[in-house]
Structures are given as structure tokens and as C-alpha cells.
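Visitor: Position one of the sequence shown corresponds to residue 41 (this note's numbering), numbered consecutively onward.
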Amino acid sequence: MVKPLVIALPKGRILKEALPLLSAAGIEPEPAFSDESSRALRFSTNRPDVELIRVRSFDVATFVAHGAAQLGVCGNDVLMEFAYSEIYAPVDLNIGHCRLSVAEPAELAASDNPASWSHVRVATKYPYVTRRFFEARGVQAECVKLNGAMELAPALGLSSRIVDLVSSGRTLKENGLVEVEVIAEVTSRLIVNRAAFKTRAPEVTAMIDSFRKAAGGLPDAA
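1) Which residue spans inside the segment 190–253 form an unbroken alpha helix (DSSP H) run of at least 4?
2) Are the Cβ atoms of G112 and V131 separated by less than 8 Å?
3) Ignore the nearest five residues each way along the sequence and tell me which others in Y168's own chain have a CB closer than 7 Å to its CB.
4) Identify every run of the beta strand (DSSP E) within the segment 85–115, keeping only runs that are complete inside it and at least 3 residues long; order them along the chain.
5) Opposite F73 in the DSSP bridges: which residues?
6) Buried or exposed: which applies to T239, given that a residue is buried once 16 or more other Cβ atoms fall within 10 Å of its Cβ?
7) Can you tell me whether P60 is helix, strand or coil according to DSSP?
8) Please name the residue, chosen from L62, E57, A108 and R53, that lies closest to K43 on a Cα-to-Cα basis.
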């Protein structure tokens, strides 16, 4: 018996944007998937050949890279950070629009010139991307790894700056921070395990085509 294809989906905001794409691709999760009180992480769908798992956004890429899931929905911020060679990202789904940015306290930004930086201490959950960005500009970046509450770091003296995802900028503003540099524009992609793409080519290719058509048929989410 052929095992179902497993699609890894991220929890949170991107999941809400991904659900219309799933529906347009002909995939309807079981009712428990929409139950916010449910602690289940693996779900069946209207298709016996497709199952869903719901995990943290950073873990989607890991599940797909190691073959535990054959496909997933993942922001290119995560793809940049981990740079898994086992992952193929064939479709920009045009959802999850935001940017990966450098931010600092507003009072510092008032007199700061990023072109003059030589050494920075940065709180971020993207240490690899952050170091590469600053190294390309000849700046030494000391990264403090955090998984959340990044905006607290400057106020509490943990770092002078942060690198984090920014959408509306409201969270930065409420914590006295402003964007000073944009590292990358971010959207969510359909990602595929390269081995599965070869060994289960007909199924995986059909799924890629379904998502490509679904993404093309939805209005711009920007």
C-alpha cells in the first residue's frame, strides 16, 4: 500500500492564509484541524492519499528536508536560514508577505548611520542570515540567539539591535523600535523533499501543479 503524501503546514498567521490554497488545490482537512482546542498534530483530509501535519514554522523545513513530510509550506526566511540542500522550492505561494529587517531603538536611529557600522550586537532567531548580511558589508555581527520576544532585547541591554520579521511594524513601534535596514522580502513557498520528487514523481508533480494553479488563481495577498 502506498503511503499518503504528508504536507507540513506552519502554525499561526501563515496557516490561515494557506487554507484557501489547500481548498483551491482540492484538499480539505478533517474537522479537527480547525478545532483550536485540539492538541492533535497529524490530520487526515478528504483525500486518502494526502495527510497534513501542523508544526512550528521553523520546523516545517526540517520535516521536509529529512523526508518525514514530502511537501510543506514555508517562508523563504526559514529557507535562507537553514539552506537545506534536500529542499526544492518550486512555487512562490504569494502569501505570508513580510520582510526580514534590522531594527533599533528610535532614539539610537535618530543619529545612527548604518554605513558607519563596524561591529554590531544583534538579537535574532536568524543568526546565519544575519551574519551573512553583515559580513557582506564588512561588519562583524555578534548574534544573540532568541526564539521570541526579540523586541525586549534592546530595552533590557541584551543587544543594541534586532533582526526579525516585520509586517505592519506595529510591534516595533509599540516597543520603541524602528526599521533601519531590510535584509530580504519574505513570502511563503511550497517546498518539496528532493528525494520524494524523484521517487514519487507523478504524485508530487501533480501536487506542485495543483498548488501552482491555486496560487495563480488567488488575489495578491500583499
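Where a beta carbon is used, it is the ideal one built from N, C-alpha and C, also for glycine.
Guide: On the basis of the supplied data:
1) 192–195, 210–214 and 234–239
2) Not closer than 8 Å, so no.
3) Closer than 7 Å at the Cβ level, and outside the excluded window around Y168, lie E121.
4) If we require 3 residues or more, the beta strand (DSSP E) runs fully inside the segment 85–115 come out as 90–95 and 111–115.
5) F73 is not bridged to any residue.
6) Classification for T239: exposed.
7) helix
8) A108
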